[in-house]
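Enquirer:
Numbering (my numbering), first residue to last: 42 to 163.
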């Protein structure tokens, strides 16, 4: 099942370290088959507020996403970003092919799942 590295980044400060981070991150992703899906374009906010930008990186699975994040190669460049950009970053598992939210609703109605739980499989 695919997994994603999701970042909500705020307080961008232009700094040469950010350019170096951008120049080096792809080399850290390649061994883990990570690929950018979204990389910070302006968003059309249709509900609520969204200060900042979004980054979404896809991985084959959650274990691979975690292995990338803790890898020596990524840890070596991480502070190039975190020293200059505030934000929240998480790793999250996606849903599989054929996911149907109606099945989730049925489980919630039957008391077989809790709202907000990680029980997303049918």
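Each residue gets a CB set at the ideal place from its N, CA and C atoms; glycine is no exception.
For residue 45, which three-state DSSP category applies?
Expert: Sequence index remark: in the chain shown, residue 45 carries index 4 (1-based). In this structure, residue 45 counts as strand in the three-state DSSP scheme.
Enquirer: Apart from the five residues on each side of it in sequence, which residues of its chain come closer than 7 angstroms, Cβ to Cβ, to residue 97?
Expert: Here residue 97 is taken as the residue at index 56 of the chain shown, counted from 1. Correct list, in chain order: 45, 47, 78 and 79.
Enquirer: Just the C-alpha distance for residue 143 and residue 149, rounded to the nearest angstrom, thanks.
Expert: Counting from one through the chain shown, the residue named residue 143 turns up at place 102. Counting from one through the chain shown, the residue named residue 149 turns up at place 108. So the alpha carbons of these two residues sit roughly 10 angstroms apart.
Enquirer: Report buried or exposed for residue 70, applying the criterion of at least 16 other Cβ atoms within 10 angstroms of its Cβ.
Expert: Taking the chain shown and counting its residues from 1, the one referred to as residue 70 is at position 29. Burial call: buried.
Enquirer: Going by DSSP, what residue range makes up the alpha helix (DSSP H) through residue 94?
Expert: Here residue 94 corresponds to residue number 53 of the chain shown, with the count starting at 1. Unbroken run through residue 94 is the beta strand (DSSP E), 94-100; no alpha helix (DSSP H).
Enquirer: Helix, strand or coil for residue 111? Go by DSSP, reduced to three states.
Expert: Position 70 of the chain shown, counted from the first residue, corresponds to residue 111. Three-state DSSP puts residue 111 in a helix.
Enquirer: Spatial neighbours of residue 84 within its chain, please: CB distance less than 7 angstroms, with the 5 preceding and 5 following residues excluded, ordered by chain position.
Expert: As a position in the chain shown, residue 84 is number 43, starting the count at 1. For residue 84, where only same-chain residues beyond five positions count, the Cβ hits under 7 angstroms are 91 and 95.
Enquirer: Return the CA-CA distance between residue 161 and residue 105, expressed in angstroms with no decimal places.
Expert: Position 120 of the chain shown, counting from 1, holds the residue named residue 161. Position 64 of the chain shown, counting from 1, holds the residue named residue 105. The pLDDT assigned to residue 161 is 48, lower than 50, so where the model puts this residue is not dependable; a value taken from the coordinates is nonetheless given after this. Residue 161 and residue 105: Cα-Cα distance of roughly 20 angstroms.
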